[in-house]
Every structure is written in structure tokens, then in C-alpha cells.
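Take a look at the structure set out below.
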Amino acid sequence: LMDWPAAYTWNSGPMDAFVLVQLKDGRNLGSQACVTRLREELPKRFPGIEFSFDTAGMLTTALNFGLPSPINVRVEGTKGYDKAHEIATKLRARLASEVEGAVDVRIQQKIDYPQIAIDIDREKAAFYGLTQEEIVRNIVTATNSSINFKPAFWIDENNGNHYFIGVQYREEAIDGMETLRDLPINSQKRKAPVSLKDIATFSQTTAPAEITHLNITRQVDIFVNVKEGYDLGTVATGVDDVIARAKSGEFPELKGEDNFDPAKFDVIQAGEYGTFEESLHSFSFGFILAAIIIYLILVVLFRSLREPLVILLSVPLGLIGVGWMLFVTGTTLNIQSFMGILLMAGLVVEYGILLVDFANRRRAEGAGIEEAIIEAAVVRLRPILMTSLTTVLALIPMAFFGGQGGGANAALSRTILGGVAAATVLTLLVMPSLYCLLAKRELSREVELEL
Numbered sequence: 049l050m051d052w053p054a055a056y057t058w059n060s061g062p063m064d065a066f067v068l069v070q071l072k073d074g075r076n077l078g079s080q081a082c083v084t085r086l087r088e089e090l091p092k093r094f095p096g097i098e099f100s101f102d103t104a105g106m107l108t109t110a111l112n113f114g115l116p117s118p119i120n121v122r123v124e125g126t127k128g129y130d131k132a133h134e135i136a137t138k139l140r141a142r143l144a145s146e147v148e149g150a151v152d153v154r155i156q157q158k159i160d161y162p163q164i165a166i167d168i169d170r171e172k173a174a175f176y177g178l179t180q181e182e183i184v185r186n187i188v189t190a191t192n193s194s195i196n197f198k199p200a201f202w203i204d205e206n207n208g209n210h211y212f213i214g215v216q217y218r219e220e221a222i223d224g225m226e227t228l229r230d231l232p233i234n235s236q237k238r239k240a241p242v243s244l245k246d247i248a249t250f251s252q253t254t255a256p257a258e259i260t261h262l263n264i265t266r267q268v269d270i271f272v273n274v275k276e277g278y279d280l281g282t283v284a285t286g287v288d289d290v291i292a293r294a295k296s297g298e299f300p301e302l303k304g305e306d307n308f309d310p311a312k313f314d315v316i317q318a319g320e321y322g323t324f325e326e327s328l329h330s331f332s333f334g335f336i337l338a339a340i341i342i343y344l345i346l347v348v349l350f351r352s353l354r355e356p357l358v359i360l361l362s363v364p365l366g367l368i369g370v371g372w373m374l375f376v377t378g379t380t381l382n383i384q385s386f387m388g389i390l391l392m393a394g395l396v397v398e399y400g401i402l403l404v405d406f407a408n409r410r411r412a413e414g415a416g417i418e419e420a421i422i423e424a425a426v427v428r429l430r431p432i433l434m435t436s437l438t439t440v441l442a443l444i445p446m447a448f449f450g451g452q453g454g455g456a457n458a459a460l461s462r463t464i465l466g467g468v469a470a471a472t473v474l475t476l477l478v479m480p481s482l483y484c485l486l487a488k489r490e491l492s493r494e495v496e497l498e499l
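Positions 49 to 499 (this note's numbering) are the ones given, in order, by the sequence shown.
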């Protein structure tokens, strides 16, 4: 029971610990600034302890499949887990020293976890009438709990809930090797217990704390965090460069017949960056597909091939604001930014529809091209500004005053904020000119056809 949390978190055992920190309201430092200070101070106060920090929000964690760092370098191999760990250890040193912006570079799996090997003498056990199963159950009950092999159930009469009940020793009851040697082994066939030391021998060894598999292949994970002031793409590119140089044999300590042999070992980069690359391809395809679908719908609604192009102009106008906002705030392009671009595109298209639709109705009533589009800009100014202002004002707190956990969604809100603000202004200035240009060309062609 005491070790059950290891099954649900990224710790390997009692030598790993997780600390969740919630920042107070009204603080002067952001989460990244706090991490920078902690990264400098904690190793000084606790030498010999390895620290790693994760400031990702729920969305980033989901995209990263729950990994504790955005960059995950996997050393996979079918020949020797110790050799794979040796390769990972040497590669970790190279990543920490040669990749600018890489911090908290660490190996998740430990192979030197201390353990006590208990070798049961079957002949002595049989002499005392003990079976292997009985001995193991007694040892497991003492060191963990009987709930692993013989769970009992208890029903609370007050609420009807079912609970597992198990027997276990007090944690402080086993405080050393001698206590373990004197562990009483009970059996249904014997009235008096037998000491474990009478039927077994003990030795202290080391073993892997955990062995990770992916597609039946053993792997060792190297986790890398990104230092404040650096973007994920730059650091990930540096990691890829080190991996490529290692595979080419540039590093002397990584040369050898077993190192990076495709038949035995391989090194790949996964984590959030891998998900980001896949999402980028999906985003590009989805963005183009969405633009085509919107264009086809507008063609049907306006019965024109040119007017939908005028409406879609609001999207690149919004992208100008997106680029400006990200540059001014120092925000990088990431998954949240791309999601914000998609949302922004859907919002700003509405501005063009309002202008073009009103101008077409005024032209149908007999107004000229310039008169119609100018009147459309004047009349539709109020609804466009109201729609834009409600969006901008709602996003400002999230974009610049995120509060608890708000930093993770800042890129999303800043992208939408910059795109909507720019599209609002530029749509009213640029779109009327383009509308007049295309409408006059279309009108001149109609006149030529009539002649």
C-alpha cells in the first residue's frame, strides 16, 4: 500500500518525490521566473539531489501524453537493458553540455536500486512443511500488504461503499536486515512459526527500479526541459543534432559495435515536440481544408467566385496581428498558438461577410459600387466593433493576467487577441478597396460582354 502511488505517477519508488506548488494571487513573479530561482537555489541547499520542474498546463500535459518533460529521448534496444542505460547515460551528458537551452536533463529509469535477494532453501522449507507460496505470502505481507494476494471486502453500512481490507506490518516494524531475518513464517500445517533465516539466505544487490517497454521493446527515457527564454523548437532541433552526431560516430564514448546498431539499439525523440510536429502537419491540412470549405459555402451564398475571396482576405489580415502580438509579447509558436489561429480565422471571417453582404444589398437597390461599400463600412462599423471589443476585452485578462495556471493558455488568448484586433482595423481599411477593385473589373467585363 505504501508504494501504490508509484503505479500512478512518474516516480520509480521511494527515492522519487513529487511536490505540487500553487502560486499565490497577486504575486510579482510568473511560474517560469519562480522555476528559474528554484533551479538555482535548491541544488545549493540539497546537494546530491536531482531536481526537475514541470510548469505545463492541462492542455500541454494531454498533448505530451502525461510525460513529465516536453522532450523525451528514447534509447530502445533488444539486446541488454544495462547497455541501453549506458548509452543513455553517455548521451545524457552530451545533451546537457551541448544543447543550448536544455535544462533538467535526466534519466527516468534507475538501474542501481538496492534490493535484498532472498534465496529459499527448498529442502529446509519442505522439512518444516512450508511451501514456496506460503513463504512468499508471509514476506509480501510483512513488506507490503496481504491485499495483493488475499483482499478482503468490507461494506460500510452507513453509505454502502465497498472497501478493500488488507493486513500489513507497521512501517517501522521492519527497520533492518536483522528484523527481516527474524521474520516469522506461519503455515496452516504448523502451530509454531519458523524464522525466515532458518530456511533462506540473504544477499544485498542492485537491480533496475523499473523496466519500461514500448511495443515489447525495452527503452530508457531521457527527459529534457526547456530553459526560460528558449522555445521548444530550438531546443528540440539541438537535441536532434546531438542524436544525429552520436549515430554518425562523432562522439568517441559512444562508438562501438553495439552503440546505435539498428538491429540492437536506436535513439528517437518523442514527447511534446513529436506531437507538435504531427499536429503541425494536421493543422496545415486542416487550415487549408477549412479555407476551401468556407470558400465553397460563400460561393453558394453569394453566387460569385470573387466576393468570397474578398471575405477570406480578413484571415491573412488577422495573421498580421497574430505575428505582431507574438513578437511583442515574446510568445513562441506552439500548439496553443495554432489553435488560436484556427479560432481567430473563424471569428474574423464574419467581419467580411457583414461588409460584403450589406454592400451587395445596397447595389441591388441601385447604389453605386463605392457608395455601397462606403455605406456598408459606416453602417456595419458598430456591430463589427461591438463583436471585436467583446472578444478583445474578454481575452485580455487571460492573455496578460493569467492568474493560477493562466500562463499555459496565454499563447492561445494572445493569438486570438492580436488577430481579432488587427482584422477589425484592417478589414475596414483594406477590404473596401479590394471590393471596389474586383467589383469594377467584374462590371467592366459584363459591359464588354453586352457590347
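Every residue gets a Cβ at the ideal spot worked out from N, C-alpha and C, and that includes glycine.
Only a predicted model underlies this, so the values are computations on that prediction, with no experimental measurement involved.
Cβ-Cβ distances below 7 Å link Cys484 to Ile417, Glu418 and Ile421 in the same chain, with the five nearest sequence neighbours on each side left out; the list follows chain order.
In this structure, the alpha-carbon of Leu390 lies about 33 Å from that of Ser100. In chain order, Gln80 and Thr84 place their CB closer than 6 Å to the CB of Glu276, counting only its own chain and leaving out the 5 sequence neighbours on each side. Under the DSSP assignment, Ala200 falls in the beta strand (DSSP E) whose first and last residues are Ala200 to Ile203. Assigned with DSSP and collapsed to three states, Ala318 falls in strand. Residue pairing from DSSP leaves Leu77 without any beta-bridge partner.
In terms of CA proximity to Ser243, Lys172 leads the group Arg93, Val151, Ile97 and Lys172. The three-state secondary structure of Thr265, taken from DSSP, is strand. Shown here, Gly125 sits in a strand according to DSSP, grouped into three states. Per DSSP, Lys295 is one residue of the alpha helix (DSSP H) stretching across Leu280 to Lys295. Taking all protein chains in view, the Cβ of Ala442 is surrounded by fewer than 16 other Cβ atoms within 10 Å, so the residue is classified as exposed.
Per DSSP, the continuous alpha helix (DSSP H) segment holding Asp405 begins and ends at Ile383 to Ala412. With a beta-carbon spacing of about 4 Å, Ser461 and Ala447 fall inside the 8 Å limit used to define contacts. By the C-beta criterion, the segment 146–156 is judged not to be in contact with the segment 205–217, since fewer than 3 inter-stretch pairs fall below 8 Å. The criterion of a C-beta distance shorter than 7 Å is not satisfied by Val358 and Val426.
With contacts defined as CB atoms closer than 7 Å, Ser193 and Gly214 qualify as a contacting pair. In this structure, DSSP gives Ala339 a helical state, which the three-state scheme calls helix. Within the segment 196–245, the complete alpha helix (DSSP H) runs of at least 4 residues fall at 225–229. Inter-segment contact for the segment 165–179 and the segment 188–204 is absent: fewer than three beta-carbon pairs are separated by less than 8 Å.
Gln252 and Gly224 have their C-alpha atoms roughly 12 Å apart. For Ser194, there is no enclosing beta strand (DSSP E), since its DSSP letter is neither H nor E. Secondary structure at Asp167: strand, using DSSP grouped into helix, strand and coil.
Secondary structure of Phe331 (DSSP, three-state): helix.
Ranked by how close their Cα comes to the Cα of Lys488, the residues Val440, Arg354, Val468 and Thr435 have Arg354 in first place.
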